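Counting the sequence shown from 1 gives a position; the working numbering is that position plus 318.
For each residue, glycine too, the CB sits at the ideal point set by N, CA and C.
Remember, it's a predicted structure, so these values are computed and weren't measured experimentally.
Note sheet for the following structure.
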Amino acid sequence: MKKVLILVNDPGKEASPDVQDVLMQAGAVENVLREMDAEVKRFSVSLNLEALDSLLQKDPPDLVFNLVESLAGRGALLHLVPALLEVRYIPFTGSGSYGLYLTTHKVRAKRIMRQHGIHTPDWISLPADTFPEKGKRYIMKPVSEDGSAGIHDASLVQAGELTREILSGSTTPAYFLEEYLPGREFNLSVIAGPEGPQVLPAAEMQYLDYPADKPRILGYAAKWEENSFEYRHTVRRFEMAETDRVLVREMERISLQCWHLFEARGYIRVDFRTDAEGNPCVIEVNANPCISPDAGFPAACLHAGIGYREMILRILNDLTV
């Protein structure tokens, strides 16, 4: 019987739905592990990494299921947990510290993708000294937060609306500006398999009955506020037309390239938008994406004939050691 330690970030009692979601993930994973007769413990990680290190040394697990999404509410720090596990030579699920360090900083990840020929929308890092090209639209995004945190309708701005104050970064120090692509939006999930990484069926995000003047972006409300217009009118669709075959194959190729480029393990999700010519551009690479039973990654697994238990087994069979 293996001893498995599930690590989560402590969401706190008053945490927002996106932060509380980690507990749903932990519960679902724990149920599967117990069905496998594993001895399971759960530990909430904080900035006090000495507490975690002490636990690892006093009662070392056979492996860690790493579900930590942030430390002290900061996604930029989550790579510190796998770094500690690597130092202690404890196998764990998901990507290692290097891959998480690269992907959790969106601008850093975009630079790396550009260097390797992967299309990603133009961006402006803040602070910026020059005004952007007129006529373009930009989304103001957090540099290191996932789950659409900090993204809403007002995040979409015209170049002419960008004031010197905004560009200085004084009001939004942890944000950057990404050029808005008005095309289609897709999520492609990749999971480890017996013969290497397997790209799962492509999912298209559709914005149904959105008013003409409403931004078609996957903001916080669309993901987490169940009573909102955005949540009820944003749907995930896996059925692709025959005319999409070339586009989907190209996104599959790019997704595998991202897997290897960022040294992914276990599971990742790559998010795309198409440009004016219909070419796919990567807007984000998510290492260790959400695996709550109702999330996009398990949904993609189901469309590939992979149930939740098998999904967990595949993740467990591709540990970082």
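Buried/exposed call for residue i, threshold 16 Cβ in 10 Å
| i | result |
| --- | --- |
| TYR407 | exposed |
| SER364 | exposed |
| SER462 | buried |
| GLY537 | buried |
| ALA530 | exposed |
| GLY584 | buried |
| ASN505 | buried |
| ASP353 | Here the sequence assigns Glu to residue 353, which means Asp is not the residue at that position. Its Cβ having fewer than 16 others within 10 Å, GLU353 is exposed. |
| ASP380 | exposed |
| GLU595 | exposed |
| ASN606 | buried |
| ASP589 | buried |
| LEU325 | buried |
| GLU496 | buried |
| GLU513 | exposed |
| GLY330 | exposed |
| GLY614 | buried |
| ASP464 | buried |
| GLU548 | buried |
Beta-carbon proximity list for residue i, same chain, < 7 Å, skipping 5 on both sides
| i | result |
| --- | --- |
| THR422 | GLY393, ALA394, LEU396, HIS397, SER462 |
| GLU451 | ALA477 |
| LEU402 | LEU367, LEU370, ASP371 |
| ASN635 | ALA510 |
| THR561 | none |
| GLY453 | ALA477 |
| ARG432 | THR438 |
| ARG426 | LEU420 |
| LYS474 | As written in the sequence, residue 474 is Leu, which differs from the Lys given in the question. Excluding positions up to five away in sequence, the list reads ARG455, ILE457, TYR498, PRO533, ILE535. |
| VAL358 | VAL322, ILE324, GLU348, LEU351, ARG352 |
| VAL386 | LEU325, VAL326, ASN327, VAL363, LEU396, VAL399 |
| ILE630 | VAL347, VAL350 |
| ASP262 | The chain is shown from 319 up to 639; residue 262 falls before or after that span and cannot be answered. |
Nearest-angstrom Cβ-Cβ length linking residue i and residue j, presumed shorter than 8 Å
| i | j | result |
| --- | --- | --- |
| ALA477 | TYR456 | 7 Å |
| GLN343 | SER610 | 5 Å |
| ASP593 | GLY501 | 6 Å |
| ILE586 | VAL603 | 7 Å |
| PRO460 | TYR493 | 6 Å |
| LEU526 | HIS551 | 5 Å |
Range of the contiguous beta strand (DSSP E) that encloses residue i
| i | result |
| --- | --- |
| PHE284 | Not covered by the structure: residue 284. The range shown for the chain is 319 to 639. |
| THR592 | 585-592 |
| PHE383 | 381-384 |
| ILE457 | 455-460 |
| SER388 | Where SER388 is concerned, there is no enclosing beta strand (DSSP E), given that its DSSP letter is neither H nor E. |
| VAL428 | Looking at the sequence shown, residue 428 is not Val but Lys. Premise fails: LYS428 lies in the alpha helix (DSSP H), 424-433, not in any beta strand (DSSP E). |
| GLY511 | 503-511 |
| LEU370 | Where LEU370 is concerned, there is no enclosing beta strand (DSSP E), although the alpha helix (DSSP H) it sits in stretches over 367-376. |
| ARG360 | 357-363 |
| GLY514 | 514-517 |
| LEU403 | Run containing LEU403: none in the beta strand (DSSP E); it sits in the alpha helix (DSSP H), 398-405. |
| ALA605 | 598-605 |
| LYS321 | 321-327 |
| VAL475 | 474-476 |
| ILE442 | 441-443 |
Cutoff 6 Å; reference residue i; Cβ partners in own chain excluding five residues on either side
| i | result |
| --- | --- |
| SER388 | ASN327, LEU396 |
| ASP471 | PRO533 |
| ALA390 | LEU365 |
| HIS621 | PRO519, PHE556 |
Cβ shell of residue i (< 8 Å), same chain only, five flanking positions each side left out
| i | result |
| --- | --- |
| ALA559 | none |
| ALA582 | SER413, GLY417, VAL508, PRO515, CYS576, ALA605 |
| PRO400 | ASN384, PHE410, GLY412, SER413, GLY414, SER415, LEU418, THR638 |
| PRO598 | HIS437, PHE504, LEU565, GLU568, MET569, ILE572, PHE590, ARG591, THR592 |
| CYS619 | SER507, ILE509, LEU518, GLY625, TYR626, GLU628, MET629 |
Endpoints, alpha helix (DSSP H) assigned at residue i
| i | result |
| --- | --- |
| ILE572 | 563-579 |
| PHE494 | Careful: PHE494 lies outside any alpha helix (DSSP H), inside the beta strand (DSSP E) at 493-497. |
| ALA521 | Run containing ALA521: none in the alpha helix (DSSP H); it sits in the beta strand (DSSP E), 521-525. |
| GLU628 | 626-634 |
| SER415 | 415-421 |
| ASN349 | 335-353 |
| CYS619 | 614-621 |
| ALA540 | 538-542 |
Problem - Given 8 Å, three or more beta-carbon pairs between the segment 344-351 and the segment 364-380 - result: no
Exercise for the section: Would you check if there are 3 or more beta carbon pairs closer than 8 Å linking the segment 552-559 to the segment 508-524? Expected result: yes
Problem - Inter-stretch contact (C-beta, 8 Å, three-pair minimum) for the segment 372-380 and the segment 334-342 - result: no
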